[in-house]
Every structure is written in C-alpha cells, then in structure tokens.
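Each remark here refers to the structure printed beneath this line.
Protein chains: 2
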Amino acid sequence: MICQYVSIKTIIPLSLSSQPLNSLKSDEAGPKQGPTFQDGQRRVDYVLTYHIQKPQSFRRKTSHFGDYRILRSLRRSLSMMRGRDTPPPKEDPEVAAHKHRLDYHEDDKRFRQTEFEDNLREMGLELEKDEGNKIPGIGFLKIHAPWNVLCREAEFMKLKMPTKKVYEVKQGSDVVERINLFIRKATAPLHPKVEPNRAQNMLFYPLLSCQILYDEWASYSVFYKYQPIGLIRKYFGEKIGLYFAWLGVYTQMLIPAAIVGAIVFLYGCATVDNDIPSMEICDPRNNITMCPLCDRACSYWKLKTACGTARASHLFDNPATVFFSIFMALWAAMFMEHWKRRQMRLNYIWDLTGFEEEEVSLCPYTTACLLLYVCSYFSLDYVLITLFQEKKVKLTCTDRAPAYMTGLFTMLIMVGVTFAVVFGVILYRISIKAALHMSSNPTARTNIRATVKGTAAVINLVIIIIMDEVYGALARWLTLLEVPKTDKSFEERLIIKTFVLKFANAFSPIVYLAFFRGRLNSLLLYLCAHAGCLMELCIQLCITMLGKQLIQNNLFEIGIPKIKKLIRRRKSDMDSQQQEDYNMTLQRHEKDHFLGPFVGLSPEYMEMIIQFGMVTLFVASFPLAPLFALLNNIIEIRLDAKKFVTEVRRPIAARAKDIGIWYNLLRGLSKVAVIVNAFVISFTSDFIPRLVYQYMYSPDGSMHGFVNHTLSYFNVSDFQPGTAPLQPMHLGYEVQICRYKDYRETPWSNTPYDLSKEFWAILACRLAFVVVFQNVVMLMSDFVDWLIPDIPKDISLQIHKEKILMVELFMKEEEGKKLLRDSHANQSPLQPRSRPASHTPSNWSMQVRSSQRICALLTRLRI
Amino acid sequence: MICQYVSIKTIIPLSLSSQPLNSLKSDEAGPKQGPTFQDGQRRVDYVLTYHIQKPQSFRRKTSHFGDYRILRSLRRSLSMMRGRDTPPPKEDPEVAAHKHRLDYHEDDKRFRQTEFEDNLREMGLELEKDEGNKIPGIGFLKIHAPWNVLCREAEFMKLKMPTKKVYEVKQGSDVVERINLFIRKATAPLHPKVEPNRAQNMLFYPLLSCQILYDEWASYSVFYKYQPIGLIRKYFGEKIGLYFAWLGVYTQMLIPAAIVGAIVFLYGCATVDNDIPSMEICDPRNNITMCPLCDRACSYWKLKTACGTARASHLFDNPATVFFSIFMALWAAMFMEHWKRRQMRLNYIWDLTGFEEEEVSLCPYTTACLLLYVCSYFSLDYVLITLFQEKKVKLTCTDRAPAYMTGLFTMLIMVGVTFAVVFGVILYRISIKAALHMSSNPTARTNIRATVKGTAAVINLVIIIIMDEVYGALARWLTLLEVPKTDKSFEERLIIKTFVLKFANAFSPIVYLAFFRGRLNSLLLYLCAHAGCLMELCIQLCITMLGKQLIQNNLFEIGIPKIKKLIRRRKSDMDSQQQEDYNMTLQRHEKDHFLGPFVGLSPEYMEMIIQFGMVTLFVASFPLAPLFALLNNIIEIRLDAKKFVTEVRRPIAARAKDIGIWYNLLRGLSKVAVIVNAFVISFTSDFIPRLVYQYMYSPDGSMHGFVNHTLSYFNVSDFQPGTAPLQPMHLGYEVQICRYKDYRETPWSNTPYDLSKEFWAILACRLAFVVVFQNVVMLMSDFVDWLIPDIPKDISLQIHKEKILMVELFMKEEEGKKLLRDSHANQSPLQPRSRPASHTPSNWSMQVRSSQRICALLTRLRI
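Residue numbers (this note's numbering), protein chains in the order written: chain Y, 1 to 863; chain G, 1001 to 1863.
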C-alpha cells in the first residue's frame, strides 16, 4: 500500500517508547552519529514504512491520512473510467467503485511504489530498503539526504547564515543593566539546563537532544522551570515549538491572574461577616414569610433558611468581582499582545521572518477525487454519475451549496441538541425536587438542595464529555463533505466546526444558569434561592472545569493509551520476559513502529481554548478559575511533553510562522468575554440593584433595608386555581401576605403585580452599566493593544542593524565590481557591457525608474 | 546655506506653472529627452537650488524643511562647544547660541557645500552648476545619474524584472468571461485615455506623461472618468499615487451611499403626510397649551406653532434612518475592506510586495540637536545648559516627561476651549432669543427661530475655520517639543495631534446638539422645539459640511495661492508684458523655482478624514451627507490634481506600501461611528419612544395619542418665585395647567414632578437598543471583514504561480550547476569543494537542519 508511506517517521529516536532510558544511554554511547545505512557511513534521516503483504485491515481507517489510501485508488479508477469516454453502467455505482478499488489495488501497488521511489531518487535522495526481518509484513525504506541536497533546500528555505559581526544591543543605562543582571541571576534556577552551545550543535547528536528533552522538559520534577523552547523546536519543528511556546506564555500569564483571583476570593471571605444583606437574611428578627417556589407541592418558607446560600454567594458576588472582570479583560488583551511579541521574537530567532506558508493541495485533482470519495462513502449516487459525465471537474457554488447547507443545518441541530440536553437536566431537577418536597422525611428535605445541585452538575459534566467525542467525529465528517481545496483550509474549517460544537457543548449549561435561570420563573416555576443564581453558576463552573480537566487529562490522555498498549501486548501472545527480549532485538525504527501515530495539535489547542473561555468568559462569577487553570496547565505542559517524547511517533517537522486560526479564536473569545462579563455583572449578580438601592432608595445611604426592598408582596387570595400550596399551614400559622423576589407593584396598588417603577429604573441602570462597561473595557483593551508595540524594541533594532550591515556589504561588493570593471575596460572595451547584465539576479529588473532610484540614493545620503 | 539643498526639484517639468501648455508642446517637440547638461548628452535628473549671496531672511521659516537650516548650524556649534570641555558661560545661552549661529554661518556654508557635493560624487552622481544667470542670488546644481548608479539602486530596491512567461488568470467559465467583457466595454468611456504601452515606456519622455496627466486627469471635463493611477504613480511616486487611489476608492464607494441616502430622504418626504405625530401636532383641534421655554421672558405657547418643525424633522427622523445607519456602518466596513484589497492589488502591480519602509532619523544626533533647537527657540535655558554639560545626549523618560505633559495639557485645554466656544455660541443664542422674545414686534418673533439657528450655525462655522488654522500650528509646535526620533514618528505624532484638535473643533457643536441640547433644560432653560433637536443637528451638519468644504476648497486651496502669486508679481516691479517676456527667457527649472513648495499630503488626508467622520458619525441625523461628500469629492480630485500638476513644485517621489496611520484613523472612526449612531438613534431621535408607545401604551396599537403621551402636566402655581412668565396672558386666556415635553409624574400624584415609570421604561428600552445595535452592527462588520479576503483571489493566484516559476528556474539552474560540477570533478578533484561555497548567497546559511529540509523536499514532492 503506497499511501502508508505518508506515515513518515525518523529513525532518530523520535520517542523513547517504554524502554528504560538508562539502557539507551549506554547503548548509544559509542556511535554518536545515530543509525546509518549498511555502509556505516551515510546517516539515516527518515524512515518510511509500508506493507509488504496484502494488508489485513484495508478499509479500517486509523488516522486522517489513512483515508487517502482510498482516495488514491479511487482517483486511479476515475482516470481509468474517464478513458472509456462512455458513461459508466448505471447499475450500482457504489458497488462498481468498490470492485474497481479491489481490482486495481494489487496492480497499482508495486507500480506506484517504484514510481514514488524513483521520484525520491530524482530529487537527489539516497535510499535503502529493509524488508521483513523482525516485524512480519512491514518493510522500511531508509532515506539519506546528501550534503548538496541539503544545501539546495537550505537555499529554497532561505536559511540565514550567522554573520561574523554581531551587534550587542545594550539595554539602557548601567542601573538598568545591573537590574537585568540581577533578574537573570535570580531566575537562573528557573531556566532548563541546556547549554546554549550544545543546543546549537545538537543536531548531529539527536539522541543527546532527546535525552535532554526527557530530563529537562518531559518530567514533572521540573514543573517550575521554563521550557527549552529552542531545543523543542529543533527536535519537533517550528509548529510544535510554537504550540509549547504559546502554552508556556499562557501558563505564565495565568500566574498574576490566579493571584489576583485568589485575592478577590479572599476579600469575599473576609467581608462576608460585614455584608449587610446577608446579615439581614440571617437575622431571625426579620421574620419574612416567602411565597412557595413551585406550584402545589412547595409551601411557604422562611427567608432565614436561605442564610447559608446568601453568605456563600457573597464570596463570589461582591464589588471586587467587578474590578476583577475589568482586570481579566485587560489581562486577555495583555496576553494577546505578549504572545504577539513572543511570536515575533521566536520568528526572528528561528529565521522565519522571510518565510511564507505555502498552501498544499490535498491531492492533484483535489476536488474531483475528494468528492468522489465522499460520494462513494455516503453513496450519493447522483453526484457521482454527474461527475463521471463531466470532463472538467471543477466545483462551482451550486455543487458546494448542498454540502454547506448540510453543514449549517447539522450544526444548528447539534447546538439545538445541546440546549435540549440542558433542558433535560432542568426537568430532572424539577421532578426530583418536587418528589423530594412531597416526601415527609425532614432530613431528606434539608439535603434536597445540595443533592439536586450536585447530581445535576455531574450529569451535565458526563454529557459534556460524551458529546465532546461525538462532536469531534461529526465536525470531521462535515468538513470532508465540504471538499476543501487545501490542507490548510481543511484544517481551518475542521477547527471552526469543532470549536463551535464543543464550545456550545461546554458552555450551554453555564449560559443557561447565568442568564435564563432567574428569569424563566413563570415558565418553569422554579427560582434560584435568594442571591443564589451566581452561586449555582459558580458550582457548575467549578465542577465542569475540574471534572473536564481531570477526566480528559487523566483518563483520555494517559489512561486510554496505556490500556491500548496493554491490549496490544496481550494480543501478541508473549509474556513480559519474552516481550522484553524481543524488544531488545529490535532496531530503533522497528520499536517506533509500535508507537501510536501523531494526530496533530488541534486537540491540544482546543482543550486550551475551551479553558481560556472558562477563564475569561465567566470570570465575574468564578474568580478562582484562573487558579484552577494554572494548576491544570502546569501538569498539562509536562503531560504533553511526555506524550510527545515517549508515546507517539516523532511528528514530521513542520514550519509555521504563527499559531494560525487559534489566534483569531482567542481574539474573538476575549472580545466576547467583555460583553458576557458585562451581562453577568449587571444581570446575574446583585451588584447593580445594590448600587441603585444605596444611591436612590436607601433612607440613610446604607444597605439596611435592601432585602426588604427587593421583595414584592403577594396576597395569597390571588393564587390561580390549582396553584396554591397543598400544605398552607406548613410553617405553623396561616399566611395572608407572602413575599417573592421581584420588583412588582403591591396587591393594593392600582395596577397590582405590574412591573414597578423600581424594576424599570434598575433595568435602565443595568443596561447603562453594560453600555459603559463594554465601551470602557473595549477602549482600554484597544489602548493596551496600541500601547504595546507588536515587535519588541531590541528585535526591531537588531533587524535594522542587520539591514545596515547588508547595505555596507553590498556597497563594498559594488565598489569591488566597479574597480574590476574599470580595469577590464582598460583592457577590452566590449566586456563591461555584458558583465553587469549577466550578474544581475534574475528576479531584479533594470526598468528605468530614475527619479525613484535617485530619491532612494539621496535618502540614504541623509541630506 | 547648505540645507536649502533639501528643496530638491527635478528639471523634468514637475509642474506646468502658469505657462500655457500649448507653447510647451511645440517647444519640446524636438528633443524628447528633456533638458540635458551642457554637453547635450547627459540628462538632467534632479536640480537642487541654493542661495549664493547671504540670504535676506535667515530666521524666516518657510516650510517644515526650512527649520533644519537652523538645526544644522546649531548642531555644528554644539559639537564645537563640546570640544572645549568646559561648561559654556552662564551669561545668556540664548544670546550665545544666536551669536554662534551667525558666526559659524558664513564659514560653515562653503565648507559644507563642498563636502556635500563630494558626497554626491562619491555615490557616482555627476554634477553641473548653473549659478546666477537669470535669478539673482539663486544657484542651481543639476544632477545626472549614470546607468550603473541606476542599476545599483535598482538592486537595492529589489525592482523586479518582468519575466518572459506570463500567466493569464482566467476568471471562471465562459459566461463569466463574457459578462466581464461586456462590463469592460460598457465602462470603456470611463477609463482615461492612456495607452498601456505608452504608459510603460513613458519615463524617457516625462514631458509627454505630464501632458497626459494634464489632459486626462487634472481637468474638470473628465470628472466622470477613473484616474490614470499608474501614470500618477510613475510621475509622482507611490505615496501620492496611493493618496489618489484612496481618494478614488472613497469617492467611488460614496456613490451607493449617496443613492441610498437620497432614497431615505425621499422616503421621509413621501411619508411626511402620513406621520401621525406631526399630524397630531398640526391638528388645530388638539388645543394644547405649552409651558414657556425660558424663565420670565418667554410665555405660554400653542403646540401647533411647532407644526412646521415637526413636519420637517420627520424628513430625517423616520424608521428608514435606522436602516440607513446600519447600512452605513456596514458600508464603512466594506469600504475599509475594499481599500485593503485595492491597496494589495496596487502593491502587487507596483512591485511593492517585498518593500519595507525604513525609518529615517531626523538628523544624525537627532535628539540632541532637535532639543537644542527647541530649547533655544523657546528659551528654555535650563535644559540647554544641562545638555551642554552632558557628554552623551540621550533623552530618557524624565527628559521627555515635561514635553509630553505640556502636550497633554495643551491638548486638553484646547479641547476645553473648543467646548467653551460652543458654550459661547449657546449663550449668544439664549440672549438673542430672549431679547427678541421681549420685543413686541410680531414679525420679528415669527422669524426668531430661523434667524437664531442660521446665525449661530454660521458663527460656529467661522470659528471652526479660524481655529482649524490655529490648531494646525499648535500641533506642529507640540510635536516639535516632543523631539520624535524619526521622520515617520514625527509625522505620525503630528497627524494624531492635528486629528484630535481638528476633530474636536469640527464636531463639538454637533456633539452638543446631538446629546446635550435636549437634556440641559434645567441648566440653560432652553429646550429644543418638539421633535426639533434632530432638525437642528441636521442644519448644523449641513452648514458645517457645505461651508467648510466650499470655503476651505475654494478660498484656501485656490484663492490664497492665486493671491500669493499676484503679490509676488507685484513685488517684482514688472508689468505683465515684461513679466511674460522674462518668463519666456527662463529655463524650466528656473520657472519652477517660483512655484510654491509641496507641503505634504497630510492636509489633504485630514480634510477627507474629517469628511469621512461627518459621513459616518452622524449619518442617522443627516442622510444626505454622503451625497454632499460625493459632490465635493468629484471636484476635490480634479482640484488636487490641478494643484499637483501645475501649482506646486514636483514633489520627491516617495515609496510607500500603504496609507499608514490614516488607515488606523479611518478604522477608529468607523468603530466610533457605530456607538455614536446607536446613541443618536436611541437618544436624539424619537424612534424608541414611538416604538415603546406603540407596543406598550397605545390603546389600539397605532401612534394616535403619542404626542399627548410625551407631554407631562405642570401646574402654573408651582412656578419657582421669579420664574413665572412676565406675560401670562399672552395667549389671551389664563393658563392653569401647561404641558412640557418630559416623562414626569402629574402635579396631583403622590410624588409630583418625579420621573415617571414611563421615563424609566423608555430609558431602559433606549439603552437596550444601544446594546443590541452596537453588538449586532459590530458583529456584522466583523463578519464582512472576515468574509472578504484581504488579498484578491487573482493576485494571490498570480503570486503563487510566480513562486512556482521561480522554483522551476532555480531547479534548472541547480541541475546545470550539478552537471558542470560533475564534469569539473572529472578534470580536477579539488574544484567542486570551493565552487558551491563561493556561489552561495551571503545571506543564506549552510546550517544543518537536515530533517526540516527533507521535510520541505517531501512536501514539494506532494507525497
């Protein structure tokens, strides 16, 4: 199977697998150069694997690349069929295509493999085959790249050579320098033990660099250290290097956020005893009778039973929270800026300033073959037939429309499903609660609230985790249906779809709690306890964050791979001793064959983006979120590091200038966070009603009387038939007037139970707060964005100096040339005409734009 | 004076001056090459002028560059003084500096001129002097750039040579092609008559290209045509080319906005008779008595006297306005996107894709010399002395702080002054109005409103125009004080300051009218008429836009230069015949010496940005603004073209990739426009109160009764002492209850004159509208931004194809080299080692990053 070639892996120990590291050390101490060809001279740079015998699991897809196997053979059959010039038999295209696939498969294989190897040799690579000595059915193709091929590719990539002259950029005055030195000394233990010289020349000894990565990076014992980003990039390529650099910056930036968040929480704890509204609620003298919270089953209750909740919610609902959400909005802006600068710096250090990403088509006849694949897979016969009849297969808008519409509707339906799940959980809560209310057991009753909240949150969590996996598969299917033209476009579309679905999944219960809970009372007949909505939001966030991270990290990222490995070992029918012996006989590339494939960075990024959403979007309701995120990420970095170094095949090094679409998603999130926080503060928390009470209604300017002000009166004789409580005497006395939390007119006013003037005044204040908050924070974010230059000053200075160096060099060369020309001119008068023309680089022109050139000249003279 | 050299001008007819063009044609018909050196061979590319005799007006500043003269000599004296190593005499540094300046001036002059000319010769330029034959006191230095110098500079600028292979990008199918052809044919008369081939080779014949520009661009008769942007860029350079391209795109984009705006206005006109509220106001049966609009002087009035205003304001205050402001917000986003694409396309066509702007220092010892200049100019002695005593003159934050603080406070004060002016105009209105109210002349009274509004708007306009000039000078002074490091930074800071000041100046009366007018009633005791605030805003906008454009365009841009020229002629003591004879004897560069200098593009851009602000910011109150702007710009383009071609010296061609900071300002404005429009619609217009009435209060769901609903009751017995009208019987009957426009409780309620529930409900609705409008429009703008790719598809395809071409070329070259090397290797075994190394471009490196290179190789093979 030729396409298996795609699973490229290097023989350089891309991964330490499960071998003890010590043996590796002693094993490789001799030949530092790593594995070589049979001649012992030429180094092995890459290893490709292929199946020698007919593969067992032909239609089994193992990874994204696996699909391409089918594509290739389909493409071949397509081109064969086109040769006939007649439309294919109409009998059953699906069956026909499948038959073709099987027929051509065997003939195709050997021919295409030879063709492929010839292509590699044509590019100047040297090959060596290693077929079937240890692992039955698997062949290895070792590749060596000679020096001149490397040189040519270096020129293509425009790799820069370090110049002899190095400009040292001084950082201001002596004092500043001394401070910098002090900081460097103080943070010295935080830096990984990678000697810069060794890191530079490490590539000849990749084994060593892997060893360093294992010791200084992929270990929990160094969790407090910076990551050796330079080494990571050298070993894994720029794309993965950028991911870890980003993760590092994010984690680092979480430290101040976590500290401030903890302080805000502690402030809440410290002031809980001075909070007048909760004191009033807990005060037994305020003997307020509340109306029932649901129809019939519930009865009247005393406000002071909500004392605990009121006190607890003060922890998260205090003026410091407002400050904290402004802080976090600015924090997000700072983070984005900080990352831009770091990225720019890495671009400079990694010589990527001139690099431009090229978009690679998925396959030469992209649209035709992909669509064919998709159609045959989902048996959309009509499209298939149309395609066969057309000569020029180019997808127009009308071809694409069905796929887009399918995508859109499926997405909408899935988001709908997500909300339906939330609704289901609500129904569960209502029914359980009503059932428990009915029961006469008093201990059951007191535990009602905690039980219901806890179980509901856990159910939500489990559903979120299950749906996450479903949505991942769904997004991939939808993207395939859209037939994107290039790899990059495929990845971006997939990411956007996955993001929307997973985000809706993770946040729908939270959004419901934050914005709809307290307002659907007439519909669901179920209210938050007094000041309790924020509290519940907080519990939900807490469980989702902790649970999701714990379960997804530990179970999915560590547990499942381990289980898979165990199962694989079981299957091989060897005991552990035999297994170990067998392993010892294997060469490195053979060992690596048993490792799992690298599945891309998207899942890692996605997890972090969702976490970033939790940290920024609902920070007003849960100031401890950054702290949780920080703790998680400290583990996450080392966990990912371990995975990359030891558990998957070494990924192909890919160049990348930036983190691509993830940056846009982060930016979008931090924008949305501003408005969401504005709404959480003004609508979910009691911040605005308290302010309004204090400055507009309070007789003495204090918060005394606030609780009474928020409660409206209800005359029990106004109950709709069939809604009055079944146990009106539950509290031991007959209730005439009960209270409920809303701003409505009294029963004895002209317009009983209408929304009162206070309601409208508070609503206006809430909205005014949203407008002011949103615009002020957006302005401040833009200001931060504008204030911090995107390119660090020292880097821009360095680039400028290098440019000057280039100009000097060029001028010197020109002068030398002129001298040469002059001396030539004395000898023969014809030569100078031809020389300059031949020397001119082919991509520069001699177009006459005299005035511009002179202008540039004069500018350089600094007149 | 050496620095006069800075006023570089080409001998190529940079400007046609006031000579009739016909003579030019016949004059230059023979030698198409343009003026040459005395030998008749070498072409004159640039001409510099200098004073031969001691200049009369040494300290007179004529332009921005003029200042540098002083700087240079100051720098010299500074370096002289430093040599002494002792602090300068403390007697009077200002006098001392001035003395030095005069002393060194004469010695300096000749030495520095020689040095400068030597520098030019060293760069390979050839010079010829032309001293004092026609114009006394002025010398001309002609410069010729030989071919090899041009080649060298071309390599520096990385000018691209057109390749032989040209990729034709096909635009879709046959039908699309045919449509494109039709469009091209239909718009053919709109394109200027510039043959593409001629345009390409035009530069050897600059006279001709100037002629074409004059005929096909700088003429009002071609107002409906596209501009010959390619030719403009060839003649004036990229920077000016981009300005005109931007102006063209802006004007073109104004066409749909103007059409939609006109339709919205016509819709208002058509529906004015069906508008129920204004019908109710005009209905004589609704005999509503209104409370007086000011204390004592004013009296009660009948609502139906406001009938005209109410009807007029419906023209601008109808539901279509809401649609129009959403439309304009999207229009602004579209405009920005459209311009980005156009800019990208121009960058590609003009070979600017690889060009990076270099920041040029203002002078070598920038900070020191500029600060010296600033200090001596404003006699800040202490700074001067400190500077002389220091060796290393580098400005730290503490040095810069005073300048920044001065800048900030001056700006704040000036914005304060602007608002004070607005307040002054208000006071004028109040006093005039009160005076007229007092008068018993009935005709005077009826004309009161129109008179007051008209005169106030005109006064505002005059003040705006005067302050504009003051602020321009002030911004320059403040920027100089800040001692920016580079030219670009100087320009940007100047632009930002000028923008803030001019913007505050132009918009303060409008902002007052839009947002504060109707709300300051208790303070100023002066209210808009019923539904009249938007009307007045509209009048103000109309007068400001028309007046500013007419006066600034015609008077300042055309009139004043003409007057200056006239005065200059008067001074030269020749009659017109003599003058003409004298002119005929002058060479082209001598004629050009009499033209005005080019003062940069900032004023042109600034004018347009302010106009863009008018068009987008208050579009909700004045839908005709785009139409006015369109009419103005059609004239503006040709006016600017005329000015650039005939009235100023030909500017130095400057390269630029984009329009720089102006883009950011435009972007900022279109963002602010969204929120401003949201506020105008919800707070200035009656849109929200009408909606609220219709859906919450109206008994039958219609607008009937709206006017009554907006008016509160006032019991005349509740007048504060001394505020009751002097003529209570003005209407002929005794008034018990009068009405006023506000939502307040009735005099007979429990809380008389408190804000009513309706007030709060409407306020909440207004704010909700702001929140919804802002976020929806921002989302839509972002969506438009995301939807339209920044790089046009054909351009990105072309770039991609060119890259492939390069790769092919490179591979072919490599193959040739390999063959050569192999054949060499057969002859001598040592040569191949040295050859590849010497051939490698110096800025590419041979660092071994084997895995990456192989990866790139494999990617290109498309495995």
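For each residue, glycine too, the CB sits at the ideal point set by N, CA and C.
For asparagine 775 of chain Y, the chain G residues whose C-beta falls within less than 7 Å of its own C-beta are Ile1675, listed in chain order. For the segment 1745 to 1773 of chain G, the set of positions with a beta-carbon nearer than 7 Å to some beta-carbon of chain Y reads Lys1757, Trp1760, Ala1761, Leu1763, Ala1764, Leu1767, Ala1768, Val1770 and Val1771 in chain order.
When the Cα atoms are used, isoleucine 799 of chain Y and arginine 345 of chain Y turn out to be separated by approximately 11 Å. Neighbourhood of glutamate 1814 of chain G in chain Y, by CB distance below 8 Å: Arg152, in chain order.
Along the length of the segment 1581 to 1641 of chain G, whole alpha helix (DSSP H) runs at least 4 residues long occupy 1588 to 1592 and 1602 to 1617, reported in chain order.
Here DSSP, grouped into helix, strand and coil, assigns histidine 1144 of chain G to strand. Under the three-state reduction of DSSP, leucine 48 of chain Y is assigned to strand. CA-CA distance, lysine 1657 of chain G to valine 1222 of chain G, rounds to 28 Å.
With contacts defined as CB atoms closer than 8 Å, glutamine 774 of chain Y and isoleucine 675 of chain Y qualify as a contacting pair.
Under DSSP, valine 648 of chain Y shares a beta bridge with Y:Gly596.
Of all alpha-carbon atoms in Y:Ala456, Y:Trp786, Y:Tyr740 and Y:Thr321, the one lying nearest the alpha-carbon of leucine 293 of chain Y is that of Y:Tyr740. About 5 Å separates the beta carbons of leucine 601 of chain Y and tyrosine 243 of chain Y, which is inside the 8 Å limit, making them a contact pair. Isoleucine 1135 of chain G sits in coil when the DSSP states are folded into three classes, being neither helix nor strand. Secondary structure at phenylalanine 116 of chain Y: helix, using DSSP grouped into helix, strand and coil. About 57 Å separates the beta carbons of glutamate 1280 of chain G and tyrosine 1404 of chain G, which is beyond the 8 Å limit, so they are not a contact pair. Following the DSSP letters along the chain, one finds cysteine 282 of chain Y inside the alpha helix (DSSP H) bounded by residues 276 to 282. In the DSSP secondary-structure assignment, phenylalanine 1714 of chain G is bridged to G:Cys1738. Here alanine 457 of chain Y is near isoleucine 539 of chain Y, since their CB atoms are less than 8 Å apart. Taking all protein chains in view, the Cβ of alanine 270 of chain Y is surrounded by fewer than 16 other Cβ atoms within 10 Å, so the residue is classified as exposed. Bounds of the alpha helix (DSSP H) holding tryptophan 331 of chain Y are 319 to 349. Under the 8 Å Cβ criterion, the segment 1757 to 1770 of chain G does not count as touching the segment 1724 to 1740 of chain G, having fewer than three qualifying pairs. Per DSSP, serine 1670 of chain G is one residue of the alpha helix (DSSP H) stretching across 1661 to 1679. Distance from the CA of glycine 547 of chain Y to the CA of arginine 429 of chain Y, rounded to the nearest whole angstrom, comes to 20 Å.
Cα atoms of leucine 1779 of chain G and isoleucine 1459 of chain G: separation of roughly 40 Å, rounded to the nearest angstrom.
Residue state for methionine 290 of chain Y is assigned as strand, using DSSP reduced to three classes. Of the candidates Y:Asn148, Y:Ala641, Y:Lys565 and Y:Phe507, Y:Phe507 places its Cα closest to the Cα of methionine 545 of chain Y.
Sorting G:Val1615, G:Leu1141 and G:Glu1647 by C-alpha distance to the C-alpha of lysine 1564 of chain G places G:Glu1647 at the top. With three or more CB-CB distances shorter than 8 Å, the segment 233 to 250 of chain Y counts as touching the segment 637 to 653 of chain Y. Looking at the backbone, the Cα of glutamine 1227 of chain G and that of valine 1511 of chain G are separated by about 36 Å.
Per the C-alpha coordinates, the member of Y:Ala188, Y:Arg568, Y:Phe706 and Y:Lys497 positioned closest to proline 603 of chain Y is Y:Lys497. Around the C-beta of histidine 1191 of chain G, fewer than 16 other C-beta atoms lie within 10 Å, and the residue is accordingly described as exposed.
For the set G:Pro1725, G:His1709 and G:Arg1570, the Cα lying nearest the Cα of glutamate 1745 of chain G is the one of G:His1709. Serine 1670 of chain G sits buried, since 16 or more C-beta atoms from the chains shown fall within 10 Å of its C-beta.
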